[in-house]
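First up is the structure itself, then whatever we jot down about it.
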Amino acid sequence: MPARKWWQSSVFYQIYPRSFADGNGDGIGDFGGMIDRLDYLRDLGIGAIWLSPHFPSPNVDCGYDISDYTGVAPEYGTLDDFRRFLDGAHARGMRVVLDLVLNHTSDEHPWFRESRSSRDNPRHDWYVWHDPAPGGGPPNNWYSAFGGPAWTYDKTRGQYYYHFFFKEQPDLNWRNPDVKTAMWQAVRFWLDMGVDGFRLDAIDTIFEDPDLTPQQSKLSQVEMLRVWRENRPPEATKEIWEQFALMFRQQLQQPGLHDLMKELRALLDEYPGDRVLIGEGDDIAYYGSGDDELHLVFNFPLMRTNRLTPAWIRANQAERLTALPPGAWPCNTLGNHDVGRIWTAFGDGVNDAALARLHLALLLTLKGTPVLYNGEEIGMTDLLLERFEQLRDNQAVNLYHVACDDGVAPDEALAMAARISRDRNRTPLHWSNAANAGFCPAGVIPWLPVNPNYAQGVNVAAQEGDPDSLLNYYRRLIAVRQATAALLAGDFTPLPPEDDRYLAFIRAAPEQRCLVALNFSNTPVSVTCETGAGQLRTIFSSHTRPAREESPVHLALAPFEAYIGELA
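For what it's worth, the working numbering labels the leading residue of the sequence shown as 80, then goes sequentially.
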């Protein structure tokens, strides 16, 4: 069996820099704060850090509008601070993966300033420019995914430029080889420094239909904005999602994308150390043949539901694992900076604490690389902002104005904006019971409000010394995963019967077989499964169990119990 790559066996942890740890006391997270918390991440069991954008940015889109691809935002520190962070992570056995935004830059990037200055500038075609339609107006009727037209008129050039996202995020023209050369130079800059790979942002959007074919959907902007950010839609909204896909058919997953991914993969393969590419986008086609495009592609369909049930998970795994090309490796997550937190999204309002533990067990026992989002380990929840001036997510601000223009009452429009706002799950991490949850000093106003439930035990300091806390549960379960060969590399085989109260499956590697049983109900269940083994040794349970070998055929599970046993 081929040796496991580090990115196959590591638990990844996403840091949202602005909200993780404030080292200089200005209310904004920074590299000083991150460096101070590296031991915390090592002790949690993290093997790789995915760092959301740390580059200079006007922050129209919270750092995803980049004005310098080889720099560090001043509020986060300096390039030397980044090097100290990278070296510190490596010294503790952790890898670092950066966010790479290929689709667009900020409109304050020097490239765009040159491009818009005249049609004769050497960079005049580094972005997607088109003349007005006959009779005036935008070249076609495409929408931006963040609201409004996808075209903005520039008086100096007398042309429109294209932007899939905000008008402050003009799309790069990847059909221009000079753009590719410049972006690959930025990639090499970080690889030469020792960065271990990249998470690729919004790769579906890199190319658009050069024929500018008009879109056909009649979805309203309010519906469109709501669907775009509701990454866990009710299954009843399937028709709206289909309309959404129709709306953006000419702007997503266009020809040329896979050739570009192959070229980027070849670039990374020049470097030692198994550098990794992770794709934001759930299309399995981004794996290519299994070894020529991306290494990992997020299994977003797993979390696109309001409730994780055994039936949903079985169907997801059957479809996902069957479709993977030979050699491709799965990647699972239940949360990130763009969607509601796990506790809020998948809780039932009654058994949230138990479900949070069960959902972690699911994520760490499925086949593939698990990716965690900062703050989930202490049970952080969404915070719905109550005042318009608190909103920092400009997409939510857009929705508010669009809804008001459509006649929605301001209070209702604000409630809609708060529900879809990405601010709700980007609030500062809770480090202690001190003022501002220990994120920044008392008297300093953090960039986003701190969730007040930090004072109710939802903070690191309160959970550190409690052996039964969620934080210590994360530590124990991650340690079990990292010490269990079957969970790291084993195949996934679901076990009958297809009971919607529990999920049971086998993870089997050449050197070990394990039974995983997860009770999704609030009542005890008896798991009946023929495993073909004579004995079952308990290696982990979320509940107290006698220290004895179990029957592999009949296994009694407590409500919401997560069980892992080794099959002899």
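Using N, Cα and C, we set each Cβ at its ideal position, and we do this for glycine too.
Give the secondary structure of residue i by DSSP, where H, G and I count as helix, E and B as strand, and everything else as coil.
i	result
N515	helix
H169	helix
D280	strand
A100	coil
F619	strand
N255	coil
G426	coil
V476	helix
G111	helix
E590	coil
A568	helix
P489	helix
L331	coil
A521	coil
D159	helix
P575	coil
A152	coil
I557	helix
N532	helix
L582	strand
N598	strand
Y143	coil
D118	helix
N538	coil
S548	coil
D288	coil
T260	helix
L325	helix
L298	coil
K84	coil
D105	coil
W269	helix
F134	coil
How many whole angstroms separate the CB atoms of residue i and residue j, which I take to be in contact at a CB cut-off of 8 Å?
i	j	result
N395	Y452	Rounded, the Cβ-Cβ distance is 19 Å, inconsistent with contact.
A212	F244	Contact flag wrong, Cβ pair sits at about 22 Å.
L556	A440	6 Å
T602	P638	6 Å
T506	S98	6 Å
C483	A497	Contact doesn't hold; Cβ gap of about 14 Å is too wide.
G447	W408	6 Å
Q648	H209	Only positions 80 to 647 of the chain appear in the structure, and residue 648 is not among them; the question remains open.
A562	Q591	Not quite, the Cβ-Cβ distance comes to about 11 Å (not below 8 Å), so this is no contact.
Q333	D288	6 Å
N138	W205	Going by Cβ atoms, the distance from N138 to W205 rounds to 22 Å, so no, they are not a contact pair.
L597	L574	Not confirmed; about 12 Å, so no contact.
S500	A516	S500 to A516, Cβ: 20 Å. No contact.
G142	N477	Wrong, their Cβ atoms sit about 18 Å apart, outside the cutoff.
Y241	W230	6 Å
For residue i, write down the residues that DSSP places opposite it in a beta bridge.
i	result
H509	DSSP output for H509 lists no bridge partner at all.
W410	The question names Trp, but residue 410 is Cys in the sequence shown. In DSSP, C410 forms a bridge with T448.
E628	R616
T607	H633
L462	DSSP lists no partner for L462.
E645	C593, R616
W129	Q93, V176
Y241	W230
D431	Answer by DSSP bridge pairing: none, since D431 is not bridged.
D250	H183
Any heavy atom of the ligand NAD inside 8 Å of the beta-carbon of residue i?
i	result
V207	Questions concerning the ligand NAD fall outside what the structure shown contains, since it holds no ligand whatsoever.
Do the region 341 to 359 and the region 267 to 278 touch if we need at least three Cβ pairs shorter than 8 Å? yes
Where in the region 170 to 239 do unbroken runs of the alpha helix (DSSP H), each at least 4 residues long, occur, reported from the N-terminal end onward? 189 to 196
Do three or more CB pairs link the region 417 to 432 to the region 453 to 461 at distances below 8 Å? yes
Should the region 543 to 553 be called in touch with the region 566 to 579, which here means at least 3 C-beta pairs below 8 Å? no
Does the region 399 to 411 come within contact of the region 368 to 382, defined as at least 3 CB pairs closer than 8 Å? Taking a contact to require three or more Cβ pairs closer than 8 Å, the region 399 to 411 and the region 368 to 382 qualify as touching.
With a floor of 4 residues, list each alpha helix (DSSP H) that falls wholly inside the region 348 to 416, ordered by position along the chain. 389 to 402
Any 3 or more C-beta pairs closer than 8 Å across the region 316 to 326 and the region 342 to 350: no
Spell out a yes or no on whether the region 98 to 112 and the region 464 to 473 are touching, meaning 3 or more CB-CB pairs, one atom from each, closer than 8 Å. no
Mind the definition here: the region 151 to 159 touches the region 187 to 202 only if three or more C-beta pairs lie below 8 Å; say whether that holds. no
Count Cβ pairs between the region 249 to 262 and the region 122 to 138 that sit closer than 8 Å; are there 3 or more? no
For the region 290 to 300 against the region 213 to 232, do three or more pairs of beta-carbon atoms, one drawn from each stretch, fall closer than 8 Å, so that the two count as touching? yes
With three or more C-beta pairs closer than 8 Å as the rule, is the region 158 to 174 touching the region 117 to 128? yes
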